[in-house]
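Those letters in the sequence shown? Residues 29 to 268, per the numbering used here, in order.
No residue lacks a Cβ here, since even glycine has one placed at the ideal position from N, Cα and C.
Below is one structure, written out as structure tokens, with a few remarks after it.
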Amino acid sequence: MKRMDSATGVTAMEPDFQQRVCACLARVGKAFANGHRLSLLRHLSQGERSVENLARLACLTVANTSQHLQHLRNAGLVESRKAGQNVFYRLSEAAHIVQMLDLIESLAVARLHEAHRLMDDLGLPAAAREPEQIRRVLDQAVGGRLLLLDLRLPEEYAAGALPGAVNVPFATLAEWVAQHTPGPVLWLYGRGPCCEEAALAERRLRAAGLEAYNLGIGVPQARLQGLMPAVGAEADSAAA
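In structure tokens:
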């Protein structure tokens with residue numbers, strides 16, 4: 029509701045309206061204000077998942093996972109569908125949610141010493157690589173001039189991977205290295221900028237005498253940067 033300030037003649041919004049808007053914003057913000065829910069959102073950014081699958085990935089009980097998903101659903105961040113006895117969840121606004129997650133991560137690293145130290149200790153890139161550099165890497169991967177490793181699970185790879193990437197799940201990396209014949213430079217990526225597996229893989233590959241670099245992004249970030257096609261609701265949004 030609008031009202032006219034009799035003293036200034038300026039039209040202002042009613043306090044009740046402002047409070048109601050802020051309450052809606054707080055409802056969404058509260059959904060993000062939990063480490064387990066952030067983890068679930070990160071996993072869902074890789075593609076649709078069942079409740080049981082999410083529970084395993086996030087190291088939670090199914091009951092606890094369901095509770096957190098209900099919070100996220102009430103805030104409009106996820107949607108669900110039922111197939112037989114299984115319930116599957118997906119992000120409702122993938123592009124916006126991935127951007128929000130990346131902003132929270134960047135702010136935490138910039139302002140919290142502990143977050144910065146964790147990233148630094150793990151050897152994660154201090155700054156994001158430029159899109160043009162990433163595009164050159166992808167072009168060379170497609171052209172066979174370097175080898176790009178996707179460290180995620182096979183089902184995540186199947187749901188969408190960077191152009192030219194080869195799926196080498198992190199759990200199989202040691203076996204892959206033992207069978208690998210040294211050749212082109214290796215680039216690799218995991219689930220996003222703050223991916224422990226990608227940092228550890230880079231370290232292990234270099235320890236094995238291979239030239240390896242962490243790309244520092246994941247599929248969701250690549251889609252946001254226009255480095256690969258959008259899918260589903262993202263594609264519809266981009267076309268609108």
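Put Leu201 into one of helix, strand or coil per three-state DSSP.
-> For the purposes of this step, residue 201 is taken as residue 173 along the sequence shown, with counting starting at 1. Of the three classes helix, strand and coil, the one that applies to Leu201 here is helix, per DSSP.
Which term fits Cys223, buried or exposed, when burial requires 16 or more other beta carbons within 10 angstroms of its beta carbon?
-> The sequence position of residue 223 within the sequence shown is 195, counting from 1. It counts as buried.
CA-to-CA distance, Val194 to Glu183, given in whole angstroms = In the sequence shown, the residue the question calls residue 183 occupies position 155. In the sequence shown, the residue the question calls residue 194 occupies position 166. Each residue's Cα considered, the two are about 13 Å apart.
Is it true that the stretch 201–219 meets the stretch 163–176, where meeting means three or more beta-carbon pairs spaced less than 8 Å apart?
-> yes
How long is the line joining the alpha carbons of Gly171 and Leu201, rounded to whole angstroms?
-> The sequence position of residue 171 within the sequence shown is 143, counting from 1. The sequence position of residue 201 within the sequence shown is 173, counting from 1. C-alpha separation (whole angstroms): 23 Å.
Presumed contact (8 Å Cβ cut-off) between Leu105 and Leu69, rounded CB distance = Numbered from its first residue, the sequence shown carries residue 105 at position 77. Numbered from its first residue, the sequence shown carries residue 69 at position 41. Between Leu69 and Leu105 the Cβ distance is about 7 Å, and since that is below 8 Å, they are a contact.
Could you check if Phe198 is buried or exposed, using at least 16 other CB atoms within 10 Å of its CB as the buried criterion?
-> For the purposes of this step, residue 198 is taken as the residue at position 170 of the sequence shown. When all chains shown are included, Phe198 counts as buried.
Can you tell me the Cβ-Cβ gap for Gln249 and Gly220, rounded? I've got them flagged as a contact below 8 Å.
-> In the sequence shown, counting from the first residue as 1, residue 249 sits at position 221. In the sequence shown, counting from the first residue as 1, residue 220 sits at position 192. About 6 Å; that satisfies the 8 Å criterion.
Buried versus exposed call for Val165 [16 or more other C-beta atoms within 10 Å across all chains shown] = Counted from its first residue, the sequence shown places residue 165 at position 137. With 16 or more Cβ atoms within 10 Å of its Cβ, Val165 is classed as buried.
Check the DSSP bridge columns for Val194 and list the partner residues they point to.
-> Indexing the sequence shown from 1 puts residue 194 at position 166. Bridge partners of Val194: Leu177.
Are Ala59 and His124 closer than 8 Å when you measure CB to CB?
-> Position 31 of the sequence shown, counted from the first residue, corresponds to residue 59. Position 96 of the sequence shown, counted from the first residue, corresponds to residue 124. No, Cβ-Cβ distance for Ala59 and His124 is not below 8 Å.
Cβ-based burial, Ala155 [other Cβ within 10 Å; buried from 16] | Looking up residue 155 in the sequence shown gives position 127. The residue is exposed, with fewer than 16 neighbouring Cβ atoms inside 10 Å.
Among Leu82, Val137, Met256, nearest to Asp167 - alpha-carbon criterion = Here residue 167 corresponds to residue number 139 of the sequence shown, with the count starting at 1. Checking every option, the nearest Cα to that of Asp167 belongs to Met256.
Output yes or no for whether 8 Å exceeds the beta carbon distance between Ala122 and Ser78.
-> As a working mapping, residue 122 is identified with position 94 in the sequence shown. As a working mapping, residue 78 is identified with position 50 in the sequence shown. Judged by their CB atoms, Ala122 and Ser78 are not nearer to each other than the 8 Å cut-off.
Measure from the alpha carbon of Ala120 to the alpha carbon of each residue in Leu97, Asp130, Leu135, then state which is nearest.
-> By one-based count along the sequence shown, residue 120 stands at place 92. At residue 120 the sequence reads Ser, which differs from the Ala that was named. For Ser120, the nearest C-alpha among the options comes from Leu97.
Which same chain residues, not among the five before or five after Thr209, have their C-beta less than 7 Å away from its C-beta?
-> Position 181 of the sequence shown, counting from 1, holds the residue named residue 209. Excluding residues within five positions, none has a Cβ falling inside 7 Å.
Note down the Cα distance separating Val247 from Glu76, rounded to an integer number of angstroms.
-> As a position in the sequence shown, residue 247 is number 219, starting the count at 1. As a position in the sequence shown, residue 76 is number 48, starting the count at 1. When rounded, the distance between both Cα atoms is 14 Å.
Taking Leu152 as the reference, give the member of Glu230, Ala51, Gly63, Gln253 with the closest Cα.
-> As a position in the sequence shown, residue 152 is number 124, starting the count at 1. If we check each option's Cα against that of Leu152, Glu230 comes out closest.
Can you say whether Arg145 is buried or exposed, counting buried as having 16 or more other CB atoms within 10 angstroms of its CB?
-> To locate residue 145, count along the sequence shown from 1; it is residue 117. Exposed, by the Cβ-count rule.
Could you spell out the range, first to last residue, of the beta strand (DSSP E) harbouring Leu216?
-> Residue numbering aside, residue 216 sits at position 188 when the sequence shown is read from its first letter. Its beta strand (DSSP E) spans residues 214–217.
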